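Trainee:
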Amino acid sequence: MFKKKPTVRKAVIEKAMAEIEKMLLKLDSEGKDLMTMKLKPYQKTHNIACFCAKCSLANKKNNPRLRGLMEYGFKVYVSEKDREEL
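In terms of numbering that gives the first Met the number 0, the numbers along the sequence shown are unbroken and rise by one, the last being 85.
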């Protein structure tokens, strides 16, 4: 996920924290109640139409957890009424 150099890792983390702070300030300015905020980590996997070796194995065993991971991130839910419908 990160480069091996500590200085590069620190710079990436600082940039991510700045973006998160901007997002939270925007939510606060929109009047969202941040007291009920929940952060949930997620891992995005390959698309279901992918035919790589990992996805083929996942389809054969009917286990989507076996798909290769593409990226890491988090989702923010402020409250149930503010949550986006999927």
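Note that beta-carbon positions come from the ideal geometry of N, C-alpha and C, so glycine has one too.
All values derive from a computational prediction rather than experimental measurement.
Tell me whether K53 sits in a helix, a strand or coil according to DSSP, three-state version.
Mentor: Within the sequence shown, the letter at position 54 stands for residue 53. Correct three-state label for K53: helix.
Trainee: Spatial neighbours of C51 within its chain, please: CB distance less than 8 Å, with the 5 preceding and 5 following residues excluded, ordered by chain position.
Mentor: For this step, residue 51 is matched to residue 52 along the sequence shown. The residues are H45, G67.
Trainee: Cutting at 6 Å between CB atoms, please list the residues of its own chain near R64, excluding the five before and the five after it.
Mentor: Position 65 of the sequence shown, counted from the first residue, corresponds to residue 64. The answer is none, since no qualifying residue turns up.
Trainee: Give every residue of the same chain whose Cβ lies closer than 8 Å to the Cβ of E84, excluding the five residues on either side of it in the sequence, and list them in chain order.
Mentor: The sequence position of residue 84 within the sequence shown is 85, counting from 1. Its pLDDT being 49, under 50, E84 is placed unreliably in this model, and the value from its coordinates should be taken loosely. Closer than 8 Å at Cβ, skipping near neighbours: no residue.
Trainee: Can you tell me where the alpha helix (DSSP H) with L103 in it begins and where it stops?
Mentor: There is no way to answer for residue 103, as the model of the chain reaches only from 0 to 85.
Trainee: Do K39 and M69 count as a contact pair if the criterion is CB distance below 8 Å?
Mentor: For this step, residue 69 is matched to residue 70 along the sequence shown. For this step, residue 39 is matched to residue 40 along the sequence shown. No.
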